[in-house]
Amino acid sequence: MKYILEKKYKWGIDTNIFVYLLNKSSKFNNKTENLFDYIQKNKIQIYTTDLCVLEVLHILRLKFDIPYKDCIHQFSNLANLIGLQIVMPNFITLSNTSKTLYKLGKKRICYDIYITNTFKTNDINHIITANEKDFKLDEEIAIYNPFVS
Amino acid sequence: MKKVKKEKVRTTITLDKETHKFLKTYTALYGGTISDAIASSIDQSFIGSLKKLKKPTSIKDISGVFDLGPDSDNLPTRNEIYSRKKI
């Protein structure tokens, strides 16, 4: 598979991609492994948010009963291996999220918007995700879904 | 009441060169001594499971470390993650 991940951009990774990589039973596991292999070999800098990390741990623990100790251990191993950087929200993130929520009213849950804005306040406008709709609302965000050819 | 003296039990296990080398790296990374690592169990399967904890050197080493079973691609939405319902 040919990837369109250009090195000149900062790429943000969404929660689901990490879970697919760690999950042997996932039908997306092979493709995700190839994707990370490509990222590692081409030294593409990737980022995720603090909230995405917590979501990975939360899903593995609460949905699949994996002890937190194992989840944290394996996620740390992965982060170290690929040089994953974790970006944090700041006051602008909160302010922009509030403005967007004000505009949209009840329509959207705030966490998608908060994660999008956490990426954006850290100059990350390219996101790798399997759930395009979570980020589609923001026109400044370019989405790359590795499972759609 | 008669005080019963606790007997110290010593167990000797033989580690192959590779396991010893691994335990040395493991304890350097995670703290403790080789004896500590072994003391919690003298079962060789414990040492086998420790080997799984070794640092990955490629994506292949970390890909699929958990088997989450069938239908595991059906991940919860953010709405479900942050609700108090069981996911």
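Residue numbers (my numbering), protein chains in the order written: chain A, -5 to 143; chain B, 14 to 100.
Even glycine gets a Cβ: it sits at the ideal position worked out from N, Cα and C.
If contact is defined by three or more beta carbon pairs under 8 Å, each pair taking one atom from either stretch, is the region 60 to 71 of chain A in contact with the region 120 to 129 of chain A? The region 120 to 129 of chain A, when compared against the region 60 to 71 of chain A, does not touch it at the 8 Å Cβ threshold.
To which residues of the same chain is residue 116 (chain A) closer than 6 Å at the C-beta, ignoring the five residues directly before and after it? Within the first sequence, the letter at position 122 stands for residue 116 (chain A). These residues qualify, in order along the chain: 81.
Applying the 10 Å Cβ sphere with the 16-neighbour rule, what's the burial state of residue 41 (chain A)? The sequence position of residue 41 (chain A) within the first sequence is 47, counting from 1. Residue burial annotation: residue 41 (chain A) is buried, with at least 16 other C-beta atoms found within 10 angstroms of its C-beta.
Nonlocal neighbours in the same chain, by C-beta distance under 7 Å from residue 64 (chain B), ignoring five residues either side: As a first step, residue 64 (chain B) must be located in the second sequence, where it is residue number 51. Confidence at residue 64 (chain B) is low in this model, with a pLDDT of 49, below 50, so the placement of that residue should be treated as unreliable; the coordinate-derived value is given next. Correct list, in chain order: 35.
Reduced DSSP category for residue 141 (chain A) - H, G, I as helix; E, B as strand; rest coil: Walking along the first sequence from the start, residue 141 (chain A) turns up at place 147. Three-state result, residue 141 (chain A): coil.
8 Å contact criterion, which residue 86 (chain A) and residue 94 (chain A) should meet: CB distance rounded: Within the first sequence, the letter at position 92 stands for residue 86 (chain A). Within the first sequence, the letter at position 100 stands for residue 94 (chain A). That belief does not hold up - the Cβ atoms of residue 86 (chain A) and residue 94 (chain A) are roughly 12 Å apart, past 8 Å.
For residue 49 (chain B), decide whether its Cβ has a neighbour in chain A, counting only Cβ atoms nearer than 8 Å. Walking along the second sequence from the start, residue 49 (chain B) turns up at place 36. Answer no: the Cβ-Cβ gap between residue 49 (chain B) and chain A never drops below 8 Å.
Cα separation between residue 84 (chain A) and residue 92 (chain A)? Taking the first sequence and counting its residues from 1, one reaches residue 84 (chain A) at position 90. Taking the first sequence and counting its residues from 1, one reaches residue 92 (chain A) at position 98. Near 13 Å, if we compare the C-alpha coordinates of residue 92 (chain A) and residue 84 (chain A).
Using a Cβ-Cβ distance cut-off of 8 Å, determine whether residue 91 (chain B) contacts chain A. For the purposes of this step, residue 91 (chain B) is taken as residue 78 along the second sequence, with counting starting at 1. At least one chain A Cβ lies under 8 Å of residue 91 (chain B).
Report the rounded CA-to-CA distance for residue 96 (chain A) versus residue 79 (chain B), giving the unit in angstroms. Working through the first sequence from its first residue, we reach residue 96 (chain A) at position 102. Working through the second sequence from its first residue, we reach residue 79 (chain B) at position 66. Using only the alpha carbons, I get a separation of about 40 Å.
Flag residue 35 (chain B) as yes if its beta-carbon sits less than 8 Å from any beta-carbon of chain A, otherwise no. Against the second sequence, residue 35 (chain B) aligns to sequence position 22. So no, residue 35 (chain B) is outside the interface.
If you draw a straight line from the alpha carbon of residue 71 (chain A) to that of residue 37 (chain B), how long is it in whole angstroms? For the purposes of this step, residue 71 (chain A) is identified with residue 77 of the first sequence, where counting begins at 1. For the purposes of this step, residue 37 (chain B) is identified with residue 24 of the second sequence, where counting begins at 1. Taking the straight line joining both Cα atoms gives about 18 Å.
On a Cα-Cα basis, can you pick out the residue from A:122, A:39, A:53 that is closest to residue 96 (chain B)? On the second sequence, residue 96 (chain B) is found 83 positions in, with the first residue counted as 1. Ranking A:122, A:39, A:53 by Cα distance to residue 96 (chain B) puts A:53 first.
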